[in-house]
Structures are given as structure tokens and as C-alpha cells.
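Worksheet: the structure to be examined is printed underneath.
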Amino acid sequence: GQQLNQSPQSMFIQEGEDVSMNCTSSSIFNTWLWYKQDPGEGPVLLIALYKAGELTSNGRLTAQFGITRKDSFLNISASIPSDVGIYFCAGQGDAGGTSYGKLTFGQGTILTVHP
Amino acid sequence: GAVVSQHPSRVICKSGTSVKIECRSLDFQATTMFWYRQFPKKSLMLMATSNEGSKATYEQGVEKDKFLINHASLTLSTLTVTSAHPEDSSFYICSASNLVDPLDTQYFGPGTRLTVL
């Protein structure tokens, strides 16, 4: 089945530092998404990527969809304490295929920001 | 924006009882809802896809008789954990999407923490 490999598993950084995490897949995805999850809450969408090679920013967040549609990275610039949480990448399958609409999640990156 | 609610947020039950979890899309019609299960510090695992007015599609390894899903309206899907046991304790999260637009996004509920004693 489809799998997403997300790294690193965890990061401990100082406030103000930049953060980078990435995901790779053995399969091609039509859409790539990055979510953040706070403890005891559901994931919240940060950035959605629809086109191969697409580079998208959302405030201090920047994400890119790989040319091969098999990888993506997320960067967070100038981290702040509220960036703490678990970040997940997720791939969404092609329309009309057996995986239509379904999300496959990466293992998550636990981010800790020290003030 | 699209808001999805879940009820209850937490539930504790005795082994052998059944528990129903509701997932509602508050400001949009959800043709499809998804149910996920998440263990502590682990990723979300898709359990089933629920389409309004039809039977749910379960992922491999998920017992359909154990986890009953009903999607009776465009704003409500329910997950019933039947004859719950301690190993069913987990964080259950739903998401809702209007898949008329293929690029539409899944919006997640806040999750339900189930503890089976």
C-alpha cells in the first residue's frame, strides 16, 4: 500500500530558528497537504499543494510539491512557541482511482520550541 | 470556513458496552466523511469512508461489524463502537469533504477520546 515517510520524527529548537521537515512517498499523489495537530485536537490544514513543482507560502510557512509528485517539504521560518505541535504530511489520491479522496498520512514530526 | 464538530469529545465506558460518536459538518454539506483512529504520538489511520446514503467502505483489517458507520444525512455521520474492549481505547477523528470538487479539502473534527475500562 501507499506509505509516506516523514522526517525528522522530532525536533527541539530555540525560538526564532527556522524549521524544515519533509516527506517522501513510494507512490504518486495528486494533491499534497500539510497539517498541524495540537494535543487532543484534530488536524488543521496549513498548506495544500496541487501542482508538481508548486511552491506555496502561508505566512511563515512555505511548502513545495516535488516535481515527481512523490515528495514535499515544509519550512517554518522564525519559529515561535505556538508552533509547538505535531506536523503531518498527507497525500491525496487521484480522482477516479481506488484511492479517490482518501488521505495517506506521514508518521508526523513532533516540534518543540524552547522560548 | 468549513467547521466539523464531534460529540462527545471524551467518553469512558465499561468493557462490553457500545459507544456512538457523532460527526457533523456545521456549515457545508458533506457527501463524504472519513473516520480515522489515532494512537498516542502516532499517525492517523483511515478506518472507513462514509458516503451519504450508501454503505461505508472499510479499510483492510477494520471490522465492519465492530465499527458500525451510518451516514444518514449530508451533515451527519455516526461511528458506533460495538461491544467495546480496552484495546478499542483510542482517539477517533472524523473528517468531512464535499467531493463534488475533486480538489476539495477534508476538514477535520476535534476528535473523540474513547477510554474503555
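Residue numbers (the numbering used here), protein chains in the order written: chain A, 8 to 122; chain B, 201 to 317. For every residue, glycine included, the Cβ atom is placed at its ideal position computed from N, Cα and C.
Worksheet item: Taking the alpha-carbon positions, what's the residue 202(B) to residue 284(B) distance?
Response: 31 Å
Worksheet entry | Cβ contact (3+ pairs, closer than 8 Å) linking the region 14-31 of chain A and the region 58-66 of chain A | In this structure the region 14-31 of chain A does not touch the region 58-66 of chain A; the number of beta carbon pairs closer than 8 Å is below three.
Worksheet entry | Within chain B, partners of residue 110(A) - CB distance below 9 Å | Contact annotation for residue 110(A) against chain B: 234, 236, 244, 246, 295 and 306 [CB-CB distance below 9 Å, chain order].
Fill in: Residue-chain proximity (residue 208(B), chain A), Cβ-Cβ < 8 Å
Using a Cβ-Cβ cut-off of 8 Å, residue 208(B) does not count as an interface residue toward chain A, since no Cβ of chain A sits closer than that to its own.
Discussion item. The ligand SAM and residue 73(A): does the residue's C-beta get closer than 7 Å to at least one heavy atom of that ligand?
Written reply: Among the components modelled here there is no ligand, and therefore nothing to report on the ligand SAM.
Worksheet item: Rounded to the nearest angstrom, how far is the Cβ of residue 206(B) from that of residue 310(B), given a contact under 8 Å?
Response: In this structure residue 206(B) touches residue 310(B) by the C-beta definition: roughly 6 Å separates them, less than 8 Å.
Worksheet item: What residues of chain A sit near residue 310(B), judged by a beta carbon separation below 7 Å?
Response: Close to residue 310(B), with beta-carbon spacing below 7 Å, are these residues of chain A in chain order: 48 and 49.
Worksheet item: Taking the alpha-carbon positions, what's the residue 97(A) to residue 38(A) distance?
Response: 8 Å
Discussion item. Residue 236(B) and residue 246(B) - do their beta-carbons sit closer together than 8 Å?
Written reply: yes
Worksheet item: Where does residue 291(B) fall in DSSP's three states?
Response: strand
Worksheet item: Looking only at its own chain, which residues have a Cβ that is under 6 Å from the Cβ of residue 313(B), when we skip the five neighbours before and after it?
Response: 210 and 291
Fill in: Under the three-state DSSP convention, the category residue 277(B) falls into
strand
Worksheet item: With a Cβ-Cβ cutoff of 8 Å, do residue 120(A) and residue 93(A) count as a contact?
Response: no
Worksheet item: Under the rule that 16 or more other beta-carbon atoms within 10 Å means buried, what is residue 230(B), buried or exposed?
Response: buried
Fill in: Separation of residue 99(A) from residue 18(A), as counted between CA atoms
26 Å
Worksheet item: Which of helix, strand or coil does DSSP assign to residue 297(B)?
Response: Residue state, collapsed to three classes: strand.
Fill in: Below-8 Å beta-carbon distance, residue 249(B) vs any chain A residue
yes
Fill in: Pick from 218(B), 255(B), 315(B) and 297(B) that is closest to residue 228(B), judged by C-alpha positions
297(B)
Worksheet item: What's the gap between the Cα of residue 79(A) and the Cα of residue 71(A)?
Response: If I take the Cα positions, the gap works out to 5 Å.
Item to complete: Within its chain, find whatever has a CB closer than 8 Å to the CB of residue 110(A); leave out the 5 residues flanking it on each side and keep chain order.
Response: 40, 97, 98 and 99
Discussion item. Bridge partners for residue 78(A) per DSSP, in chain order?
Written reply: 31(A)
Worksheet item: Can you name, in chain order, every residue of its own chain whose Cβ lies under 6 Å from the Cβ of residue 113(A), other than the five neighbours on each side?
Response: 11, 13, 30, 95 and 96
Worksheet item: Who are the Cβ neighbours of residue 224(B) in its own chain at under 6 Å, not counting the five residues just before and after it?
Response: 205, 275 and 276
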